[in-house]
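Worksheet: one structure, shown below.
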Amino acid sequence: MLGTGIVQTAYITPLLKKSDLDLANVRSYQPMSNLSVLSNLLERLVARQLLDHIAVAKLLPELQSAYWAHHSTETAVLKVLADILSVLDISDVAVLTLLDLSAAFDTVDHATLLRRLKTSYSTGIGGIVLECFTSYLSGHIQLVRCGMSTSDASAVLCGVPQGSVLGPILFLLYTADLLQLVERHNLWPHMYADDTQDIWLLPSSSSHSAPGDSICMY
Numbered sequence: 125m126l127g128t129g130i131v132q133t134a135y136i137t138p139l140l141k142k143s144d145l146d147l148a149n150v151r152s153y154q155p156m157s158n159l160s161v162l163s164n165l166l167e168r169l170v171a172r173q174l175l176d177h178i179a180v181a182k183l184l185p186e187l188q189s190a191y192w193a194h195h196s197t198e199t200a201v202l203k204v205l206a207d208i209l210s211v212l213d214i215s216d217v218a219v220l221t222l223l224d225l226s227a228a229f230d231t232v233d234h235a236t237l238l239r240r241l242k243t244s245y246s247t248g249i250g251g252i253v254l255e256c257f258t259s260y261l262s263g264h265i266q267l268v269r270c271g272m273s274t275s276d277a278s279a280v281l282c283g284v285p286q287g288s289v290l291g292p293i294l295f296l297l298y299t300a301d302l303l304q305l306v307e308r309h310n311l312w313p314h315m316y317a318d319d320t321q322d323i324w325l326l327p328s329s330s331s332h333s334a335p336g337d338s339i340c341m342y
């Protein structure tokens, strides 16, 4: 795991999200972190151990299709489509809501993430491992680089670096409990990274089955 006291310095490169967006608007850009070779190597070593552990311990939700083996945009689309078709087969009405969090990776609260790692994954992430992640999250410094210009260095107080190896994995662990919250409100969710698809079932007058009875969850 990452040792305590390791500081990661990242150069932030603003990348235009879409070619037709306003070049003068900062919201049109996505900040990508360019980390050092040593940082990337250490993160890859940690990520391999972390992914192996959470896979064996089944810590990642099955209804999340991003950033782990045998899951992709295809599995997300197929899952949502299969749920909708199952509803239509019994003449029910399916309402699909698509949610996309704005600046999701940049707004991850470090204290909340660490608390979630400690409580939601208490059987597998704690002790020295949790201390290492605390050091990792508190040690980031970033500089914005655009052309030949570079900004002053500043500490990263929230968020996980876009373009890093560990960032996406930590984001999945950060948002995993959201699926349980959605299901408690009788919705059928599926997630791909920060995109959430929620299906709300409205029984038709000709159907006597309860909402969700015909939905196949994997």
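Count along the sequence shown from 1, add 124, and you get the number used in this note's numbering. All C-beta atoms in this analysis are idealised placements derived from N, C-alpha and C, irrespective of residue type, glycine included. Since we're looking at a predicted model, the values are computed, not measured.
Among the options, nearest to residue i - alpha-carbon criterion
i: residue 227; options: 220, 317 and 326; result: 317
i: residue 134; options: 296, 277 and 231; result: 277
i: residue 267; options: 182, 155, 198 and 175; result: 155
i: residue 177; options: 319, 308 and 293; result: 293
i: residue 169; options: 264, 313 and 290; result: 290
i: residue 300; options: 132, 310, 325 and 236; result: 236
i: residue 171; options: 309, 312 and 257; result: 257
i: residue 324; options: 162, 200, 222 and 149; result: 222
i: residue 158; options: 312, 199 and 286; result: 286
i: residue 164; options: 242, 241, 298 and 288; result: 288
i: residue 347; options: 144, 151, 310 and 311; result: Residue 347 is absent from the structure shown; the chain starts at 125 and stops at 342.
Exposure of residue i, with buried meaning 16 or more beta-carbon neighbours within 10 Å
i: residue 304; result: exposed
i: residue 322; result: buried
i: residue 234; result: buried
i: residue 188; result: buried
i: residue 136; result: buried
i: residue 280; result: buried
i: residue 173; result: exposed
i: residue 283; result: buried
i: residue 207; result: buried
i: residue 203; result: buried
i: residue 315; result: buried
i: residue 213; result: exposed
i: residue 341; result: Residue placement at residue 341 is flagged as unreliable, the pLDDT there being 35, under the threshold of 50; a coordinate-derived value is accordingly withheld.
i: residue 167; result: buried
i: residue 249; result: buried
i: residue 146; result: exposed
i: residue 264; result: buried
i: residue 193; result: exposed
i: residue 216; result: buried
i: residue 180; result: exposed
Enclosing beta strand (DSSP E) for residue i [first to last residue]
i: residue 158; result: 153-159
i: residue 309; result: Element bounds for residue 309: n/a, residue is neither H nor E.
Coil, strand or helix - residue i by DSSP
i: residue 262; result: helix
i: residue 127; result: For residue 127, the predicted model reports a pLDDT of 40, less than 50, meaning its position is unreliable; a value from the coordinates is still stated below. Residue 127: coil per DSSP, three-state reduction.
i: residue 144; result: coil
i: residue 319; result: strand
i: residue 136; result: strand
i: residue 313; result: strand
Extent of the continuous alpha helix (DSSP H) run through residue i
i: residue 235; result: 234-243
Mind pulling the alpha helix (DSSP H) runs of 4 or more residues that sit fully within the stretch 149-228? Segments of the alpha helix (DSSP H) lying fully in the stretch 149-228: 161-180 and 197-213.
Along the chain, which unbroken stretches of the beta strand (DSSP E) at least 3 residues long are found entirely within the stretch 254-301? The beta strand (DSSP E) runs of length 3 or more contained entirely in the stretch 254-301 are, from start to end of the chain, 264-270.
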